[in-house]
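Trainee: Respectively, the protein sequence lines represent chains A and B.
For what it's worth, the UniProt record's numbering labels the leading residue of the first sequence as 1, then goes sequentially.
For what it's worth, the UniProt record's numbering labels the leading residue of the second sequence as 1, then goes sequentially.
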Amino acid sequence: MNYHSPASFAEASRIAADASGITRFLAGGTDVLVQLRADIVTPDTLIDIKKIPGTGEITRNADGSWTLGVAVPGAELGEHTGLVADWPGVVEAMNLVGSTQVQGRATLTGNLCNGSPAADSVPAMVAASMTATVTGPDGNRIVAVQYIPTGPGKTSLAKGELVSALHIPARGENAGDAYLRFIPRSEMDIAVVGCAVNLRLDGDTVVEARVSLGAVAPTVLLVEDAAAAIIGSTLDDAALDRLASAASAACKPINDKRGTIEFRTEVAGVLAKRVARIAYARAKGEIIKGHHG
Amino acid sequence: MALDDLKTKDFAFVGTRPNRPDGLDKVTGRAKFGADAYAPGMLHGAILRSPHAHARILRIDTSKAEALKDVKAVVTRADFSDKVPFEPGLEGEFWNVLENVMAGDKALYDGHAVAAVAATSALAARDALKLIEVEYEILPHVTDVDKAMLADAPVIREGAADYSVPEGMHPNVVRMHESGHGDVAAGFAEADLVVEDHFTTEATHQGYIEPHACLATLGMDGKGELWCCTQGHWIVQKTCAALLGIETANLRVTASEIGGGFGGKTTVFIEPVALALSRKANKPVKLVMSRSEVFRATGPTASASMDIKIGMKKDGTITAAEGIFRLQGGAFPGGPAEFTAMCAFAPYSLSNVRQVGYDVMTNRPKQAAYRAPGSPMAAFAVESVIDELCNQLGLDPIEVRLKNASREGTKASYGPRFQQIGLVQTLEAAKAHPHLSAPLKPGQGRGISCGFWFNHGGETSVSLALSEDGSAQVMVGTPDIGGSRASMALMAAEVLGIPYDNIRVTIADTATLGYNDVSHGSRVTYASGLATIKAARHAVEKLCERAAKKWGIPVDAVKWENGCAVPSGPNAGDFDPLPLADITANMGQTGGPISGHFEATPEGAGVSFATHIVDAEVDPETGKTRVVRYTVIQDAGKAIHPTYVEGQFQGGAAQGIGWALNEEYIYGEDGRLQNSVFLDYRIPVASDLPMIDTVIVEVPNPGHPFGVRGVGETSICPPLAAIANAVSAAAGVRMRNLPMSPPRILSALKADG
Ligand SMILES: Cc1cc2nc3c(=O)[nH]c(=O)nc-3n(C[C@H](O)[C@H](O)[C@H](O)COP(=O)(O)OP(=O)(O)OC[C@H]3O[C@@H](n4cnc5c(N)ncnc54)[C@H](O)[C@@H]3O)c2cc1C
């Protein structure tokens with residue numbers, strides 16, 4: 001195994017492009033090192049990106065948008081009051097990952113690029129319309145995070161490509177986001193269903209919405225029917241029921257040790273309602289702390 | 001000299017809560033656990049395991065692994081003794097263990113060991129395993145207990161059934177137990193209501209935090225040293241010697257500190273393999289299991305399928321009870337069906353009772369003991385039916401249990417008459433507890449259950465030596481799995497009359513003390529405690545003799561009080577009290593070193609009962625359960641160190657919560673274990689548990705000098721049932737299958753409409 005710690009993304013990309021066999025980037029390492037120790041994946045090339053300048057920074061841009069370094073751990077997101085105020089859903093989703101110890105290392109980028117359908121932060125990132133800068137042998141491109149994971153353990157990144165920054169749009173007025181997951185225990189578990197909602201209000205009426213589901217299909221889902229079910233409503237019971245039905249209808253889950261098709265489909269609808277209510281309340285200016293369960 | 005044989009009050013030390021002697025070592029990381037041992041020239045072992053649930057091993061080619069320069073030895077079954085006889089049932093237990101630690105002709109479950117390697121590093125050993133070629137012929141498999149009893153089920157092994165199994169049963173049924181008394185048919189006829197139901201529980205793992213680990217040395221001279229994490233090193237010594245074909249006394253086994261066992265470390269898994277590797281490589285070999293190996297190849301408890309029928313009169317009197325219990329214990333005899341059957345109705349005084357147990361083999365790992373093996377599942381089934389009877393007849397669940405409770409003199413469902421027991425006292429304490437009358441919130445339900453365990457005595461040796469300065473060292477042979485060193489020191493302090501801190505208790509190795517049965521059966525505070533008291537009394541007798549000699553009075557005119565010899569009877573007041581340290585100071589000149597010892601197999605362990613109260617909350621939209629309040633009430637006989645008694649109570653409840661709600665062995669269609677990591681084997685995390693409240697009831701056990709009853713196991717007997725009753729009340733549907741995972745609860749709610 002060869003270990004590299006390049007000083008720039010261009011160099012990281014070059015090393016990856018030239019490497020043969022299995023390549024892994026080392027962000028927090030909470031997936032990479034666990035897989036290595038469990039004899040699941042032993043990379044031939046390990047490229048540590050944490051030494052690249054700027055990877056640990058959280059930046060609020062002049063237009064109100066945010067740029068996140070690819071090595072920022074969950075704990076730092078959670079301690080950033082400005083970010084928490086703007087995007088509590090994205091932050092609470094990342095903060096659900098693992099334990100205090102894991103939070104000190106684990107990153108949004110790693111969660112995204114590990115390609116797990118159950119990754120907690122990914123539905124929240126998708127609902128928030130986040131994008132990533134991808135650096136490759138031919139330079140940089142910007143891509144919606146939704147299009148990065150393509151299936152369990154797979155991404156759309158080509159050989160030599162890596163994520164060099166994450167971007168969150170400006171929050172704007174009267175808007176809120178939220179994420180909830182279902183796990184049988186209270187923490188240290190993997191999502192059986194995850195759901196994120198991001199919405200904007202005009203008065204009491206929802207005028208924009210994005211609803212995203214995790215762990216119910218091979219990739220994260222952006223459910224347009226579910227968003228449509230609440231746009232134009234005041235999130236009344238009828239709208240919530242339509243939301244739940246649309247969320248359940250979008251599920252393409254599997255039966256496995258973590259949950260049944262029936263259960264995941266049902267609970268996706270239940271969570272969608274609960275998450276929408278939190279996002280709505282936040283859009284109204286209520287402070288609702290992140291849930292750890 | 002007069003020594004009271006039974007002391008139940010006015011204790012000076014017993015019942016206090018000093019710090020445990022191993023506490024500092026454990027919180028500073030100084031304590032040495034199984035994997036903390038190193039030896040010069042040490043190699044690292046790794047075990048190749050079958051990926052198949054059931055397969056004939058046609059060929060094992062180890063040549064490529066052996067050719068690696070880092071590899072120093074490869075072993076297969078051929079490297080173990082060929083003199084271990086195969087016999088039916090548990091008669092052939094050494095053969096069963098041998099077959100389990102290294103497969104013979106067939107791999108019997110996913111994870112079964114088929115070969116092992118010793119190499120210069122753990123990584124090299126792991127990689128060498130990948131070069132071993134095994135050719136398998138895959139056979140049909142069965143992992144479900146009911147399916148394993150069907151006529152067309154694959155046969156795990158012919159000839160494993162013992163004499164108890166009636167003709168015509170499937171060869172996978174290897175033992176049958178039947179007991180009871182009265183006439184159940186007549187009893188059911190007398191009942192106003194009979195409830196009959198079917199229940200299942202899944203296999204769960206003890207989940208101890210420390211994976212099995214050992215360091216083994218076995219020389220060409222047949223002499224060996226073994227350091228390992230175990231609940232009992234004499235059984236390790238005896239078993240390993242048999243499996244390796246050496247003499248027992250030539251193998252010295254030392255028990256490390258232990259990170260939990262709960263019954264799962266009462267046998268061997270990797271130790272004989274490490275010894276075989278060491279013998280072949282002629283170097284020390286260290287072997288440490290991964291968590292996945294622990295799940296796949298150590299001993300979870302059995303899964304169960306149970307039918308219960310109970311008849312009750314309108315006034316709550318139970319008229320008859322009957323149960324059939326089928327337990328699968330993996331690919332070997334030993335599933336605790338007999339215990340399940342015997343414990344099932346033990347809390348109740350019944351005129352008509354019958355219980356039948358079947359021990360069934362499947363393609364799963366060989367089960368091992370897990371805290372009161374067999375009893376928790378029985379209580380789950382029986383106490384669920386009693387709850388249902390109470391609900392349907394509109395009766396109070398505590399009053400019904402009190403009405404039918406076993407008491408002193410009751411003929412137990414499994415045969416003997418109970419001596420002094422404390423079930424009624426635990427029920428009375430439950431009745432008086434504020435928990436029972438606290439209001440419930442919407443969506444919450446309350447459940448109660450009783451539970452029973454036999455407790456055990458077992459072979460025990462203890463040695464106690466006094467030092468010149470008047471301090472004492474106590475050598476016991478039962479690994480300390482729950483704070484027992486503190487309890488031994490308290491009991492020795494009580495007898496000797498010297499401070500707790502002046503007594504050091506050590507777990508002796510197999511070469512320095514006589515035989516000791518393992519730390520199981522809730523026996524340690526009872527049996528090693530009894531032996532410690534008797535060893536201390538033995539030393540006191542000698543101390544009194546020295547004083548008598550010094551004073552020139554008869555020895556029976558000397559008594560021992562508060563750490564001093566004092567003249568008594570006609571000589572009372574003739575001499576000043578003589579403190580222990582004054583006698584030991586010159587003991588070399590007055591007759592030699594003073595020690596006490598005791599060896600026996602004490603038989604008066606004293607059964608134990610508990611009553612648990614649980615409040616649970618169910619989210620009707622997701623089926624998720626939260627245990628919001630939990631109270632354990634249990635008879636401890638006498639709590640020597642109450643903190644560790646409470647710890648046992650809480651630990652049993654915590655493990656019971658896991659077993660009831662989310663823990664389970666999940667097998668795929670291919671017979672492979674799907675969830676061999678803690679991520680997917682859902683043991684409760686700290687935030688899943690409420691504070692577990694405890695009440696210690698003390699009804700002295702006449703079989704122990706201070707009245708002790710074991711407490712380690714009974715605490716896991718009531719939780720499954722108490723939680724199931726609470727969840728069923730909260731959800732409004734009877735939950736008959738464990739674990740009560742959210743998908744299961746949600747589908748029960750849907751089916752209920
Ligand atoms: C105890 C424990 C609990 C956990 N609990 C959860 C949980 O509750 N929810 C959850 O979703 N996950 C959980 N995880 C998984 C893991 O912590 C998360 O997926 C985490 O976000 C991964 O981030 P990381 O920075 O550690 O990634 P790494 O391990 O560093 O990398 C993960 C993957 O991303 C790739 N990668 C990293 N950086 C880049 C880059 N810049 N460009 C392209 N590819 C890149 C790597 O090649 C690798 O394939 C848990 C893990 C552990 C050990």
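Just so you know, even glycine gets a beta-carbon here, dropped at the ideal spot from N, CA and C.
Rank B:A304, B:K238, B:M289 and B:L139 by C-alpha distance to the C-alpha of B:H198 and give the top, closest one.
Mentor: Residue mapping note: residue 198 of chain B aligns to position 198 of the second sequence, counting from 1. Answer by Cα proximity: B:A304.
Trainee: Can we count A:C113 as close to ligand 1, meaning its CB is less than 7 Å from some heavy atom?
Mentor: Residue 113 of chain A sits at position 113 when you count from the first residue of the first sequence. Correct: A:C113 has its Cβ closer than 7 Å to ligand 1.
Trainee: What residues from chain B crowd round A:V70, counting only those whose CB sits closer than 9 Å?
Mentor: Within the first sequence, residue 70 of chain A is the residue found at index 70, counting from 1. Those within 9 Å of A:V70 in chain B number zero; the least Cβ separation is about 25 Å.
Trainee: What residue does the alpha helix (DSSP H) around B:T643 start on, and which one ends it?
Mentor: Locating residue 643 of chain B in the second sequence gives position 643, where the first residue counts as 1. Where B:T643 is concerned, the enclosing alpha helix (DSSP H) stretches over P642 to L661.
Trainee: Among B:T512, B:G483, B:T584 and B:V462, which has the Cα closest to the Cα of B:K534?
Mentor: Taking the first residue of the second sequence as 1, we reach residue 534 of chain B at position 534. Ranking the options by Cα distance to B:K534, first place goes to B:V462.
Trainee: Can a CB atom of chain A be found closer than 8 Å to the CB of B:Q674?
Mentor: Taking the second sequence and counting its residues from 1, one reaches residue 674 of chain B at position 674. Closer than 8 Å: yes.
Trainee: What does B:T622 touch in chain A if you count any residue whose Cβ is under 7 Å from its own?
Mentor: Residue mapping note: residue 622 of chain B aligns to position 622 of the second sequence, counting from 1. Within 7 Å Cβ-Cβ: F182, V267 and V270.
Trainee: Rounded to whole angstroms, what is the Cα-Cα separation between A:S121 and A:V90?
Mentor: Here residue 121 of chain A refers to the residue found at position 121 when the first sequence is read from its first residue. Here residue 90 of chain A refers to the residue found at position 90 when the first sequence is read from its first residue. If I take the Cα positions, the gap works out to 6 Å.
Trainee: Which two residues bound the contiguous alpha helix (DSSP H) that contains A:V122?
Mentor: For the purposes of this step, residue 122 of chain A is taken as the residue at position 122 of the first sequence. It spans S121 to A127 - the alpha helix (DSSP H) in which A:V122 sits, taken as one unbroken run.
Trainee: What is the DSSP secondary structure of A:I15, counted as helix, strand or coil?
Mentor: If you number the first sequence from 1, residue 15 of chain A lands on position 15. A:I15 falls in the helix class under three-state DSSP.
Trainee: Give the secondary structure of A:S164 by DSSP, where H, G and I count as helix, E and B as strand, and everything else as coil.
Mentor: Translated into positions along the first sequence, residue 164 of chain A becomes position 164. It is a strand residue.
Trainee: Would you identify the three-state DSSP class for B:K83, choosing helix, strand or coil?
Mentor: Along the second sequence, one-based indexing puts residue 83 of chain B at 83. Residue state, collapsed to three classes: coil.
Trainee: Tell me the start and end of each unbroken beta strand (DSSP E) in the region 329 to 384 of chain B that is at least 3 residues and wholly inside, in chain order.
Mentor: DSSP runs (the beta strand (DSSP E)) wholly in the region 329 to 384 of chain B: 353 to 360.
Trainee: To test your reading of the DSSP string, which unbroken beta strand (DSSP E) runs of 3 or more residues are found completely within the region 162 to 228 of chain A?
Mentor: Runs found: 162 to 168, 175 to 182, 193 to 202 and 205 to 214.
Trainee: Could you pull the DSSP bridge partners for B:R446 from this structure?
Mentor: The residue labelled residue 446 of chain B in the question sits at position 446 within the second sequence. In the DSSP output, where bridge partners are listed per residue, B:R446 has B:D615.
Trainee: Consult DSSP for A:H4 and reduce its assignment to one of helix, strand or coil.
Mentor: If you number the first sequence from 1, residue 4 of chain A lands on position 4. In the structure shown, A:H4 sits in a strand (DSSP, three-state: E or B).
Trainee: Going by beta carbon distance, what residues of the same chain come within less than 7 Å of B:H538, once the five residues before and after it are set aside?
Mentor: Here residue 538 of chain B refers to the residue found at position 538 of the second sequence. So the list reads G596, H597 and F598, once near-sequence residues are dropped.
Trainee: Please decide whether B:L3 counts as near chain A, where near means a Cβ-Cβ distance under 8 Å.
Mentor: As a working mapping, residue 3 of chain B is identified with position 3 in the second sequence. Note on B:L3: pLDDT 42, under 50, position unreliable in the model; the coordinate value appears next. Chain A contact via Cβ: absent.
Trainee: Would DSSP call B:G232 helix, strand or coil?
Mentor: Taking the first residue of the second sequence as 1, we reach residue 232 of chain B at position 232. The answer is coil: DSSP assigns B:G232 none of H, G, I, E or B.
Trainee: For A:K252, which of helix, strand or coil comes out of DSSP?
Mentor: In the first sequence, counting from the first residue as 1, residue 252 of chain A sits at position 252. Coil, per DSSP.
Trainee: Please return the same chain residues whose Cβ sits closer than 6 Å to the Cβ of B:T611, not counting the five positions on each side in sequence.
Mentor: Sequence index remark: in the second sequence, residue 611 of chain B carries index 611 (1-based). Hits under 6 Å: T426, L427, A430, C450 and I633.
Trainee: Under the criterion of a Cβ to heavy atom distance below 7 Å, does A:R141 qualify as lining ligand 1?
Mentor: On the first sequence, residue 141 of chain A is found 141 positions in, with the first residue counted as 1. No - ligand 1 has no heavy atom lying nearer than 7 Å to the Cβ of A:R141.
Trainee: Output yes or no for whether 8 Å exceeds the beta carbon distance between B:G652 and B:G707.
Mentor: Sequence index remark: in the second sequence, residue 652 of chain B carries index 652 (1-based). Sequence index remark: in the second sequence, residue 707 of chain B carries index 707 (1-based). Cβ atoms of B:G652 and B:G707: not closer than 8 Å.
Trainee: Going straight from the alpha carbon of B:D10 to that of B:R485, what length do you get?
Mentor: By 1-based counting over the second sequence, the position of residue 10 of chain B is 10. By 1-based counting over the second sequence, the position of residue 485 of chain B is 485. Taking the straight line from one Cα to the other gives about 22 Å.
Trainee: Roughly how far, in whole angstroms, is the beta-carbon of A:A178 from the beta-carbon of A:I278, given that I think they are within contact range, below 8 Å?
Mentor: As a working note, residue 178 of chain A is residue 178 in the first sequence. As a working note, residue 278 of chain A is residue 278 in the first sequence. With a Cβ gap of about 4 Å, A:A178 and A:I278 count as contacting.
Trainee: Got a sec: does ligand 1 put a non-hydrogen atom nearer than 7 Å to the Cβ of A:G110?
Mentor: The residue you call residue 110 of chain A lines up with position 110 of the first sequence. Within the cutoff, so yes.
Trainee: Which residue wins for smallest C-alpha separation from B:F452, given the options B:I421, B:Q444 and B:P439?
Mentor: Position 452 of the second sequence holds residue 452 of chain B. The shortest Cα separation from B:F452 among B:I421, B:Q444 and B:P439 belongs to B:I421.
Trainee: Span of the alpha helix (DSSP H) holding B:C214?
Mentor: Here the question's residue 214 of chain B lines up with position 214 in the second sequence. Taken as a continuous stretch (DSSP letters only), B:C214 belongs to no alpha helix (DSSP H), being part of the beta strand (DSSP E) at A213 to L218.
Trainee: Taking 8 Å as the threshold (C-beta atoms), are B:D36 and B:K280 in contact?
Mentor: The residue given as residue 280 of chain B occupies position 280 in the second sequence. The residue given as residue 36 of chain B occupies position 36 in the second sequence. Cβ distance not < 8 Å, so B:K280 and B:D36 don't count as in contact.
Trainee: Going by Cα to Cα distance, which pick from B:T532, B:K559, B:M169 and B:P577 is closest to B:G569?
Mentor: Your numbering for residue 569 of chain B matches position 569 in the second sequence. Minimum Cα distance to B:G569 is reached at B:K559.
Trainee: Going by C-alpha distance, which of B:D82, B:R17, B:V628 and B:K72 is nearest B:K441?
Mentor: For the purposes of this step, residue 441 of chain B is taken as the residue at position 441 of the second sequence. Ranking the options by Cα distance to B:K441, first place goes to B:V628.
Trainee: What residues from chain A crowd round B:I666, counting only those whose CB sits closer than 8 Å?
Mentor: Taking the second sequence and counting its residues from 1, one reaches residue 666 of chain B at position 666. Those are K257, listed as they occur along chain A.
Trainee: Could you tell me which residues DSSP puts in a beta bridge with B:Q473?
Mentor: As a first step, residue 473 of chain B must be located in the second sequence, where it is residue number 473. Beta-bridge pairing links B:Q473 to B:A465 and B:R504.
Trainee: How about B:R629: is its C-beta nearer than 8 Å to some C-beta of chain A?
Mentor: Taking the first residue of the second sequence as position 1, residue 629 of chain B is located at position 629. Taking Cβ atoms only, chain A never reaches closer than 8 Å to B:R629, which makes this a no.
Trainee: From the DSSP output, in three-state form, read off A:G293 for me.
Mentor: By 1-based counting over the first sequence, the position of residue 293 of chain A is 293. At A:G293, the pLDDT of 43 sits below 50, so the modelled position is not reliable and the matter cannot be decided from this model.
Trainee: Any heavy atom of ligand 1 closer than 7 Å to the Cβ of A:I58?
Mentor: Counting from one through the first sequence, the residue named residue 58 of chain A turns up at place 58. For ligand 1, not one heavy atom lies less than 7 Å from the Cβ of A:I58.
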